[in-house]
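Residue numbers (our numbering): 1 to 359.
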Amino acid sequence: MARHGSAVRTLPRSGRLPLPPARGPLSDALTTFLLSAGGEPRQEDLMRLAQRAHTVDVLRDEDVQLTLLLLYELHHEGIDQVVDDLEWDLGLLWVRADLEMALQRSLQVLVHGRHGFGRGTRPEFLTGPARVDAELVALATARDATGLTAHLALDADLEQFREFFVHHSLHHLVPFREVHSGDPRGTSGVSTTRTTIDLGLDDAHGAYVSRLPATSLAAVNTATMFGLHRRDRGALAGHLAFSHLSSPSLGTAVGDGLRRLGLRGGATGSSAPETQPAQPGPDAGTGRELVASLLAAEPELAADVVFGARAGASLARLVAEEVLGAWSAGTSSLLPADHHDDAPDSHQVLRLVGRRPRG
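Written out as structure tokens, the structure reads:
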């Protein structure tokens with residue numbers, strides 16, 4: 001099988017995100033701005049470049065998703081070589097808000113289609129905590145139409161498992177990680193810390209961010225966006241509930257596949273993923289209880305809860321389809337190690353926004 005090189009990589013463990021290569025004019029302009037501590041390009045130039053997010057397929061756009069990830073990381077662990085003072089830079093906050101608006105619209109289309117109901121509405125079939133809970137369980141326990149769980153359990157080779165864990169390597173960064181207190185699993189329900197070491201992967205913070213394609217970054221960015229905004233508290237609760245409810249099926253498939261390869265797995269038991277949808281595990285109650293408590297206090301958030309869960313399910317399906325599509329074609333599902341997506345250098349960026357470089 002053709003590969004873009006081994007997924008294994010070792011990086012300095014500073015705790016901050018290593019600054020990845022830019023993937024287009026927007027992320028290159030942002031990188032220049034961050035490294036110059038806000039000197040170049042001007043904030044208004046960044047804002048102008050951010051407008052392209054409203055004209056592209058945001059969920060699959062490498063440039064937009066990497067830019068949004070870097071903007072979020074300013075609020076988390078920080079970025080190598082970037083001063084912390086930029087966390088609350090007003091221009092960057094404006095750019096982030098513009099990209100979030102584009103992401104929200106793309107999620108609406110992904111979940112409901114171009115003419116579906118929007119957030120904040122209350123379709124009759126979604127009213128009431130019991131109906132919402134039934135919808136969450138149905139989403140999480142539905143048969144995996146992509147075939148990813150079956151492939152992991154029955155057919156995936158060692159390199160494919162490495163790639164799978166690389167795709168999930170940023171899931172621990174989302175803001176609701178505290179809810180998992182004491183639980184080594186990320187929002188995917190997969191035990192990543194021990195298994196990444198078993199597979200020879202680097203568990204340093206952001207070690208593989210430069211290898212993750214746009215859809216994998218979009219899954220992380222969506223969860224982060226939900227967690228950062230009070231307006232999205234319903235969507236966050238639904239997203240978290242879906243993650244908890246769907247973890248048994250994926251975790252069991254991963255465990256079965258790793259044991260098949262003679263490695264320790266992150267799950268116990270066995271399954272027949274191609275025919276039997278899993279039932280919610282004991283930790284699924286955390287998400288469901290959160291939703292029940294939220295809706296008891298704010299029943300008007302029912303549609304937002306279901307939106308968040310459907311967004312999680314739709315993004316998981318999108319990532320799985322792309323990963324399996326690459327594997328079926330005999331190629332890697334990760335970006336090549338030297339991926340730059342023909343990003344322009346800083347002088348080209350300044351020319352793109354109509355300014356001459358200094359000096």
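No residue lacks a Cβ here, since even glycine has one placed at the ideal position from N, Cα and C.
- One alpha carbon belongs to Thr55, the other to Ser246, and they sit about 33 Å apart.
- Residue pairing by DSSP places Leu17 opposite Ile79 in a beta bridge.
- The Cβ atoms of Leu324 and His151 lie closer than 8 Å to each other.
- Shown here, Ala223 sits in a helix according to DSSP, grouped into three states.
- In this structure, Ala235 lies near Asp304, with their beta-carbon atoms less than 8 Å apart.
- Between the alpha carbons of Thr31 and Leu107 lies a distance of about 26 Å.
- Counting the other CB atoms within 10 Å of its CB gives Thr331 a total below 16, which places it among the exposed residues.
- Minimum Cα-Cα distance from Val64 among the listed residues Leu49, His75, Leu74 and Glu73 corresponds to Leu49.
- Our two residues, Gln104 and Gly262, have alpha carbons roughly 42 Å apart in a direct line.
- Contact annotation: Arg310 and Leu139 have beta-carbon atoms nearer than 8 Å.
- In this chain, the alpha helix (DSSP H) harbouring Tyr72 covers Glu62 to Glu73.
- The closest CA to that of Glu40, considering only Leu74, Phe226, Gly91 and Asn221, is found on Gly91.
- The continuous alpha helix (DSSP H) containing Thr149 extends over residues Leu148 to Leu154.
- Put simply, the region 295-302 does not touch the region 251-260. Fewer than three CB pairs are less than 8 Å apart.
- The closest CA to that of Ala142, considering only Ser27, Leu217, Ala313 and Gly78, is found on Ala313.
- Assignment of Leu212 by DSSP, reduced to helix, strand and coil, places it in the coil class.
- Burial of His205 is indicated by the presence of at least 16 other C-beta atoms within 10 angstroms of its C-beta.
- Here the alpha carbons of Ala130 and Pro18 stand approximately 44 Å from one another.
- Its Cα nearest to that of Trp88, the residue Tyr72 stands out among Ala329, Ala237, Pro248 and Tyr72.
- Per DSSP, Gly325 is one residue of the alpha helix (DSSP H) stretching across Ala302 to Ser328.
- Straight across, the Cα-Cα distance linking Leu86 with Glu100 is about 18 Å.
- In the structure shown, the three-state DSSP call for Gly24 is coil.
- By the neighbour-count definition (other C-beta atoms within 10 Å, threshold 16), Gly308 is a buried residue.
- The three-state reading of DSSP puts Gly238 in helix, counting H, G and I together.
- Taking a C-beta distance under 8 Å as the contact criterion, Leu69 and Leu217 qualify as a contact pair.
- Under the DSSP assignment, Ala97 falls in the alpha helix (DSSP H) whose first and last residues are Leu90 to His112.
- Counting other Cβ atoms within 10 Å of its Cβ, Pro20 reaches 16 or more and is therefore classed as buried.
- No residue range can be given for Gln51, since it is assigned to no alpha helix (DSSP H) and is classified by DSSP as neither H nor E.
- In this structure, DSSP gives Leu158 a helical state, which the three-state scheme calls helix.
- Here the alpha carbons of Asp232 and His112 stand approximately 17 Å from one another.
- The C-alpha of Leu154 lies about 18 Å from the C-alpha of Ala329.
- For Arg42, no alpha helix (DSSP H) run applies, since DSSP gives it neither H nor E.
- Excluding sequence positions up to five before and after Gln43, its CB lies within less than 7 Å of the CB of Gly91, all in the same chain and listed in chain order.
- Residue range Pro129 to Thr141 is occupied by the alpha helix (DSSP H) that includes Asp133.
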